[in-house]
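Colleague: The structure under discussion is supplied below as structure tokens; questions concerning it will follow.
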Amino acid sequence: MQTGNTKTTVTAILIASIGLMSCSLFTSAAQQESKPNIEELRSGKNFIPTKVYSSEDDEQILKLFAGLRVADVSDGMDKVGLTNTGLMSPEIHAAWKDTKHFKHRFIGIAVTVRYVPTNKPPAPPMETDAFARWVGQWYSKLSSEPFVPLIRKGTTIVFDDAPESDVGSIGSNNIMGWHLKGCVGVVTNATARDTDEVAAEKVPLYFRKVGRGIRPGRNEIESVNRPIVCGGVLVEPGDVIVADGDGVIVVPRAKAKEVAEYSRAILDGDKAGRRKLYEKLGLPPDDSVK
-15 MQTGNTKTTV TAILIASIGL MSCSLFTSAA QQESKPNIEE LRSGKNFIPT KVYSSEDDEQ
45 ILKLFAGLRV ADVSDGMDKV GLTNTGLMSP EIHAAWKDTK HFKHRFIGIA VTVRYVPTNK
105 PPAPPMETDA FARWVGQWYS KLSSEPFVPL IRKGTTIVFD DAPESDVGSI GSNNIMGWHL
165 KGCVGVVTNA TARDTDEVAA EKVPLYFRKV GRGIRPGRNE IESVNRPIVC GGVLVEPGDV
225 IVADGDGVIV VPRAKAKEVA EYSRAILDGD KAGRRKLYEK LGLPPDDSVK
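Mapping to our numbering: the sequence shown position 63 is 47, numbers consecutive.
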């Protein structure tokens, strides 16, 4: 009496089993395909892909963050579940400050650069012309600036450099050239030189400490637009970088809009409250409450 039902049940079980086996085989094949082989690993393998964003996408994000402070954005990161995430070490600080118009502040989109300490010998004593050639060859072959073509309006260059080396990868000349191309600020976990001139030029710079030496004999370029660590936090190309007197914070691009919305409400409320206090104290309004 139950023969028909039994056959139906058996058929259903067989179909389900075949489906599960197919899924298992497909998953296994996909894993095999995505798993790097030994040769790939030996030659070097990156596991975090670099996402690419259009200049139009960048502009829209920058508009959302316009005028926001590190404190506001930190609150926004809390709101989206990223508490204590993205805040660089307080060691990374502004090279100069403008307490009237806050020109040391900036908000930009990350282009990342990594230099590593060299293990090659320094130049021996030589004649001036020979030394100039040695320096030029090092700059062109070992420690160039291949990130420059990536600079566009709103770019922030973020360096993972050789923090223990006394090397000024950033100086008053090249930082001006980057600024001319659209770079709004520079962040490094290491050093910079010509800091008096950089302050006079008013290009926002956030660094760990002063460095004096040139790159030749001290560091080498390792990669451009790859994930790096700066100030103890992950920075990926396209992330939003906010910097002011409180330091530097990195906002993952995927959370940028949500963070900006909440941060804006925090800033608006803070300005309104302090504006009333300014009025009661008879203080003229400054840029921080306008």
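All residues carry an ideal CB built from backbone N, CA and C; glycine is no exception.
What is the DSSP secondary structure of F276, counted as helix, strand or coil?
Modeller: Missing from the structure shown is residue 276; the chain here goes from -15 to 274 and no further.
Colleague: Following the continuous beta strand (DSSP E) through G231, name the residue where it begins and the one where it ends.
Modeller: Counted as a single uninterrupted DSSP element, the beta strand (DSSP E) harbouring G231 occupies residues 231 to 235.
Colleague: How is I198 classed by DSSP in three states: helix, strand or coil?
Modeller: coil
Colleague: Quick one: residues in its chain with C-beta nearer than 6 Å to the C-beta of K165, no 5 flanking neighbours on either side, listed in chain order?
Modeller: The answer, listed in chain order, is I135.
Colleague: Can you say whether L267 is buried or exposed, counting buried as having 16 or more other CB atoms within 10 angstroms of its CB?
Modeller: exposed
Colleague: Apart from the five residues just before and just after A107, which ones in its own chain have a Cβ nearer than 7 Å to its Cβ?
Modeller: Cβ neighbours of A107 beyond the five flanking positions: F115, W118, G201.
Colleague: Taking buried to mean at least 16 other C-beta atoms within 10 Å of its own C-beta, is M61 buried or exposed?
Modeller: buried
Colleague: Can you tell which of I198, V97, Q121, R177 has its C-alpha closest to the C-alpha of L189?
Modeller: L189 has its Cα closest to that of R177, out of I198, V97, Q121, R177.
Colleague: Helix, strand or coil for T30? Go by DSSP, reduced to three states.
Modeller: What sits at residue 30 in the sequence shown is Asn, not Thr. Of the three classes helix, strand and coil, the one that applies to N30 here is coil, per DSSP.
Colleague: Since I believe I76 is in contact with G215 (beta carbons under 8 Å), could you give me their beta-carbon distance rounded to a whole number of angstroms?
Modeller: 4 Å
Colleague: Which of the three DSSP states is assigned to G65 in this structure?
Modeller: coil
Colleague: Counting beta carbon pairs with one atom in the segment 76 to 96 and one in the segment 127 to 146, are three or more of them shorter than 8 Å?
Modeller: Remark: three or more beta-carbon pairs, one from each stretch, lie closer than 8 Å, so the segment 127 to 146 and the segment 76 to 96 are flagged as touching.
Colleague: In whole angstroms, what separates the C-alpha of K137 from that of G169?
Modeller: 11 Å
Colleague: Relative to the ligand GDP, is the shortest distance from any of its heavy atoms to the C-beta of T175 smaller than 6 Å?
Modeller: With respect to the ligand GDP, the structure offers nothing, as it holds no ligand at all.
Colleague: Could you tell me if T112 is buried or exposed, where buried requires 16 or more neighbouring beta carbons within 10 angstroms of its beta carbon?
Modeller: exposed
Colleague: Please report the straight-line C-alpha distance between V235 and S27, rounded to a whole angstrom.
Modeller: 32 Å
Colleague: Would you kindly check if the distance between the Cβ of T175 and the Cβ of G155 is under 7 Å?
Modeller: Taking 7 Å as the Cβ cut-off, G155 and T175 do not qualify as a contacting pair.
Colleague: Looking only at C-alpha atoms, which of D223, R248, V182 sits nearest to F49?
Modeller: R248
Colleague: Assuming L71 contacts A244 under a Cβ cut-off of 8 Å, what Cβ separation, rounded to an integer in Å, is found between them?
Modeller: Not quite, the Cβ-Cβ distance comes to about 17 Å (not below 8 Å), so this is no contact.
Colleague: Within the same chain, show all residues whose beta-carbon is closer than 7 Å to that of K255, passing over the 5 residues directly before and after it, in chain order.
Modeller: If we look at K255 and ignore the five residues flanking it on each side, its Cβ neighbours are V273.
Colleague: Would you tell me roughly how many angstroms separate the C-alpha atoms of K260 and V132, rounded to the nearest one?
Modeller: 45 Å
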